[in-house]
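*Asks:* Numbering follows my numbering, with no gaps: position 64 of the sequence shown is 69. Don't be surprised by glycine CBs; every beta carbon is placed ideally from N, CA and C. Predicted, not measured: the structure shown is a model, and the values here were computed from it.
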Amino acid sequence: MASNTLAELYVEELKDLYSAEKQILKALPKLVKAANHDELKQAFEIHLRQTEAHVDRLERVLNELGESPKGRKCRGMEGVLEEGAELIGEDPDPSVLDAGLIAKAQHVEHYEMAGYGSACAWARLLGYNDQAALLGQTLDEEKNTDALLTDLANQSINADAEVAMSSGSDMGGRRRTSHGRHAELR
Ligand code: FE
6 MASNTLAELY VEELKDLYSA EKQILKALPK LVKAANHDEL KQAFEIHLRQ TEAHVDRLER
66 VLNELGESPK GRKCRGMEGV LEEGAELIGE DPDPSVLDAG LIAKAQHVEH YEMAGYGSAC
126 AWARLLGYND QAALLGQTLD EEKNTDALLT DLANQSINAD AEVAMSSGSD MGGRRRTSHG
186 RHAELR
C-alpha cells in the first residue's frame with residue numbers, strides 16, 4: 006500500500022514493527038538455547054518476556070487506530086534474524102558464538118530502535134500522545150537491552166571469545182571452554 010500521508014506512513018511503520026516483533030518472538034527461544042553464558046541466556050529470556058509486551062502494545066495502538074496489525078512482512082528483520090540463524094548454524098566455539106550472538110541481537114535492537122523512534126515522533130506530531138508514550142516505553146526497553154548487551158560483551162564475553170580464537174588456532178580446531186558444549190577437536 007502506498008503511504009500518501011504521515012498518518013498512513015505511521016500505520017505502515019506500526020505494522021512493520023508488529024511483524025518484526027512477531028518474528029523476534031519466534032527467534033528469541035533459539036537464542037536462549039544457543040547462548041552459553043548464563044547472563045546472556047538470562048538477558049535473552051528477559052527480552053523474550055518484554056517482546057510479548059511489545060506485541061501487545063502494538064496491537065493496542067493499531068486497534069485504537071481501527072487497523073489490523075497484520076498485512077505486512079518486515080523483510081528487514083527477516084534478513085537480520087536470518088544472519089543470526091546462520092551464525093548458530095556455523096556452530097563456532099561457544100564463547101565466539103556468544104560474542105557473535107550479542108552482535109546479532111544488537112543489530113535487532115538497533116533496527117527496532119530506528120522504527121520505534123520514528124513511530125514515536127510521528128505519533129506525537131499526529132496528536133496521539135498516549136500512543137507515543139506507549140511506544141516510548143518499548144523504545145526505552147529496546148535501548149536498555151542494547152546497553153545490557155554492550156555491558157555483557159565488555160565485561161567478559163568478547164575477551165573470552167578472543168582467548169578461544171587464539172588457542173583454538175594453536176590446536177587447529179575447537180576446544181572445550183568453561184561454558185562449552187564442544188569437546189571434539191577437528
Ligand atoms: Fe521489541
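At a cut-off of 7 Å, is histidine 59 close to ligand 1 when judged by its beta-carbon and the heavy atoms of the ligand?
*Replies:* Here residue 59 corresponds to residue number 54 of the sequence shown, with the count starting at 1. Correct: histidine 59 has its Cβ closer than 7 Å to ligand 1.
*Asks:* Say the cut is 7 Å; is the CB of isoleucine 29 nearer than that to a heavy atom of ligand 1?
*Replies:* Your numbering for residue 29 matches position 24 in the sequence shown. True, at least one ligand heavy atom lies under 7 Å from that Cβ.
*Asks:* Roughly how many whole angstroms lie between the Cα atoms of leucine 144 and glutamate 117?
*Replies:* Position 139 of the sequence shown, counted from the start, is the residue given in the question as residue 144. Position 112 of the sequence shown, counted from the start, is the residue given in the question as residue 117. Distance between the alpha carbons of leucine 144 and glutamate 117 is about 8 Å.
*Asks:* Based on Cα-Cα distance, which residue from Arg80, Ala158, Gln111 and Ser8 lies nearest to aspartate 43?
*Replies:* Numbered from its first residue, the sequence shown carries residue 43 at position 38. Of Arg80, Ala158, Gln111 and Ser8, the residue nearest in Cα terms is Ala158.
*Asks:* Ignore the nearest five residues each way along the sequence and tell me which others in glycine 76's own chain have a CB closer than 7 Å to its CB.
*Replies:* On the sequence shown, residue 76 is found 71 positions in, with the first residue counted as 1. Excluding sequence neighbours, glycine 76 sits near Lys20.
*Asks:* Within the same chain, show all residues whose beta-carbon is closer than 8 Å to that of aspartate 151, passing over the 5 residues directly before and after it, in chain order.
*Replies:* Numbered from its first residue, the sequence shown carries residue 151 at position 146. Excluding sequence neighbours, aspartate 151 sits near Gln111, Glu114, His115 and Met118.
*Asks:* Does glutamate 64 come out as helix, strand or coil in the three-state DSSP assignment?
*Replies:* Taking the first residue of the sequence shown as 1, we reach residue 64 at position 59. Looking at glutamate 64 - three-state DSSP - the assignment turns out to be helix.
*Asks:* Can you find the residues in the same chain that come closer than 6 Å, C-beta to C-beta, to asparagine 163, ignoring five residues on each side of it along the sequence?
*Replies:* Start at 1 with the first residue of the sequence shown, and residue 163 comes out as number 158. Contacts found: Ala104.
*Asks:* Checking 8 Å against the spacing of the C-beta atoms, do leucine 63 and leucine 33 come in under that value?
*Replies:* Taking the first residue of the sequence shown as position 1, residue 63 is located at position 58. Taking the first residue of the sequence shown as position 1, residue 33 is located at position 28. Contact: no.
*Asks:* So which of Asp156, Glu146 and Pro74 has the shortest CA-CA distance to alanine 25?
*Replies:* By 1-based counting over the sequence shown, the position of residue 25 is 20. That would be Pro74, whose Cα lies nearest to the Cα of alanine 25.
*Asks:* Taking DSSP as the reference, what is the three-state secondary structure of glutamate 132?
*Replies:* Numbered from its first residue, the sequence shown carries residue 132 at position 127. A small correction: the amino acid at residue 132 is glycine; glutamate does not occupy that position in the sequence shown. Coil, per DSSP.
*Asks:* Within a Cβ cutoff of 8 Å, which residues of the same chain sit near glutamate 57, ignoring the five residues on either side of it in sequence?
*Replies:* For the purposes of this step, residue 57 is identified with residue 52 of the sequence shown, where counting begins at 1. Excluding positions up to five away in sequence, the list reads Leu30.
*Asks:* So, with DSSP's three-state summary, where would you put glutamate 72?
*Replies:* Along the sequence shown, one-based indexing puts residue 72 at 67. DSSP places glutamate 72 in the coil class of the three-state scheme, outside both helix and strand.
*Asks:* Of the residues Arg129, Val60 and Ala48, which one's Cα is nearest the Cα of leucine 11?
*Replies:* Position 6 of the sequence shown holds residue 11. Ranking the options by Cα distance to leucine 11, first place goes to Arg129.
*Asks:* So the candidates are Ala90, Ala48, Pro97 and Val66; which of them puts its Cα closest to the Cα of asparagine 149?
*Replies:* As a working mapping, residue 149 is identified with position 144 in the sequence shown. Of the listed residues, the one whose Cα sits closest to asparagine 149 is Ala48.
*Asks:* Would you please state the rounded distance, in angstroms, between the beta carbons of alanine 169 and valine 60? I believe it to be under 8 Å.
*Replies:* In the sequence shown, the residue the question calls residue 169 occupies position 164. In the sequence shown, the residue the question calls residue 60 occupies position 55. The pair is not a contact, with the Cβ atoms about 36 Å apart (cut-off 8 Å).
*Asks:* Could you give the C-beta distance for leucine 106 and leucine 153, rounded to a whole number, given that I count them as a contact under 8 Å?
*Replies:* As a position in the sequence shown, residue 106 is number 101, starting the count at 1. As a position in the sequence shown, residue 153 is number 148, starting the count at 1. About 13 Å; that fails the 8 Å criterion.
*Asks:* Would you please state the rounded distance, in angstroms, between the beta carbons of serine 123 and glutamate 18? I believe it to be under 8 Å.
*Replies:* By one-based count along the sequence shown, residue 123 stands at place 118. By one-based count along the sequence shown, residue 18 stands at place 13. 6 Å between Cβ atoms; contact.
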